[in-house]
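Here the structure comes first, spelled out in structure tokens, and everything after it is commentary.
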Amino acid sequence: MANNILPARTGEISYVYLSKKLHNIPVGEGVANLMVARVFDFTTISFLFFVSAILIRDLPDMVSKIIWLIVGLLVFVLLLFLALVFFGEIFVDIIRRIANKIDTLRFSLVHYLLRKGDETMQSFELIKSKKLFGSVFVTSMIAWCFQYSMLYLLANAMNISLAFWCMISALTFVFFITILPIQSIGGFGIIEGGWALGFMIFRVSKDVAIASGFAFHAILLTYAIIIGAFGLMKIYFRPYLVRLLTAKSPLK
């Protein structure tokens with residue numbers, strides 16, 4: 424819910440905060456988990472986009488150009504991720520030395536950030552030692568296939584008729600929009616734009632693409648707010664319910 428309402432993917436912070444508050448998961452571990460999840464999200468979406476692009480016979484020129492842009496972004500993200508996984512401790516140590524040289528270690532905020540950086544790198548080491556990356560990729564693939572299926576059915580229900588792989592390629596645009604930190608408050612304008620752009624490239628009329636984009640966003644926000652509100656109620660009322668259920672009866 425926070426991700427769909429707050430701008431620039433700042434809703435991600437809620438995962439780290441709630442993990443710490445409710446499950447006592449260290450901030451560094453929460454950040455590491457989140458980074459791994461997002462890298463695999465981007466990798467999975469890129470993989471499905473490439474597969475769909477290969478299987479489309481008459482590929483639009485814009486899609487061909489976007490493929491190369493995504494290839495560049497994917498290579499950059501993967502290299503950055505691998506650098507953090509294998510050389511993250513060295514990177515944090517370099518920052519610590521620089522902070523010491525410019526005499527900023529006396530600030531408590533700098534100490535806090537460096538400590539959380541150490542926690543994050545230790546969590547990367549733990550994930551790497553358990554060899555979880557394969558299972559994370561498979562889980563990410565399953566989750567995104569379900570999301571593609573949901574949007575595929577939704578687009579068909581709105582009378583958007585495209586070949587299967589063209590539909591997958593078009594839907595990828597809205598998914599890329601949702602995982603990049605460029606959203607406005609509530610995602611208004613950005614999500615509709617990604618949806619409309621993806622379908623207009625595959626020759627869906629402008630009016631249908633824009634109207635269906637607004638309908639999709641309304642459905643997305645409705646689900647996010649309802650399920651998110653239920654989650655908040657469960658989080659904040661659970662302690663009271665537990666105390667109520669475990670309290671001794673006056674008759675006893």
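Residue numbers (the numbering used here): 424 to 675. Ideal placement from N, C-alpha and C gives every residue a C-beta, glycine not left out. Everything numeric in this text was worked out from a predicted model, so none of it was measured.
Inset, instruction - Would you decide whether F530 is buried or exposed? Buried here means 16 or more other CB atoms lie within 10 Å of its CB. - result: exposed
Inset, instruction - List in chain order: all unbroken alpha helix (DSSP H) runs of 4+ residues lying wholly within the region 454-541. - result: 484-524
Inset, instruction - Enumerate in chain order the residues of its own chain whose CB-to-CB distance from I479 is below 7 Å, with the five nearest sequence positions on each side excluded. - result: W588, C589, S592
Legend entry - Alpha carbon of R519 to alpha carbon of Q545, nearest angstrom: 16 Å
Legend entry - Euclidean distance between Cα positions of M564 and R666: 40 Å
Legend entry - Residues near A632 in its chain [Cβ-Cβ closer than 6 Å; skip 5 each side]: A619, F622, M623
Inset, instruction - Please decide whether H534 counts as near chain D, where near means a Cβ-Cβ distance under 8 Å. - result: The question asks about chain D, but that chain is absent: this structure has only one protein chain.
Inset, instruction - Assign M424 to one of three DSSP states: helix, strand, or coil. - result: coil
Legend entry - Nearest-angstrom beta carbon gap, I658 and D464 [assumed within contact, 8 Å]: With a Cβ gap of about 24 Å, D464 and I658 do not count as contacting.
Inset, instruction - Taking only the alpha-carbon atoms, compute the straight-line gap between I517 and D481 and give it to the nearest angstrom. - result: 50 Å
Inset, instruction - Count the other CB atoms, across all protein chains shown, that sit within 10 Å of the CB of I642; report buried if there are 16 or more and exposed otherwise. - result: exposed
Inset, instruction - Determine contact between the region 593-613 and the region 568-582, defined as no fewer than three beta-carbon pairs at a distance below 8 Å. - result: yes
Legend entry - Cβ-based neighbour list, I605, same chain, cut-off 8 Å, excluding 5 preceding and 5 following: A431, I613
Legend entry - 8 Å Cβ cutoff met for V450 and K443: yes
Legend entry - Residue from V439, F598, V508, F504 whose Cα sits closest to the Cα of S572: F598
Legend entry - Pairwise C-alpha distance: T543 and L476: It should be pointed out that residue 476 corresponds to Ala in this sequence rather than to Leu. Rounded to the nearest angstrom, the two C-alpha atoms are 36 Å apart.
Inset, instruction - Please determine, among L445, L537, I583, F556, the residue with the shortest C-alpha to C-alpha distance to V508. - result: F556
Legend entry - Secondary structure of T669, DSSP reduced to three states: The three-state reading of DSSP puts T669 in helix, counting H, G and I together.
Legend entry - Alpha-carbon to alpha-carbon, P483 and I489: Our two residues, I489 and P483, have alpha carbons roughly 10 Å apart in a direct line.
Legend entry - Endpoints, the alpha helix (DSSP H) within which G621 is located: 613-624
Legend entry - K675, buried or exposed, once every other Cβ within 10 Å from all chains shown has been counted against 16: With a pLDDT of 47 at K675, under the threshold of 50, the modelled position of that residue is not reliable, and the figure given next carries that caveat. Exposed, since its Cβ has fewer than 16 Cβ neighbours within 10 Å.
Legend entry - Straight-line Cα distance separating F611 from R661: Taking the straight line from one Cα to the other gives about 33 Å.
Legend entry - Residue from G654, G616, Y663, L668 whose Cα sits closest to the Cα of Y438: G654
Legend entry - Through-space distance from V462 to L445, alpha-carbon basis: 25 Å
Legend entry - Cβ-based neighbour list, M485, same chain, cut-off 7 Å, excluding 5 preceding and 5 following: I624
Legend entry - Of the residues I583, L549, G609, A634, the one placed nearest T645, counting alpha carbons only: G609
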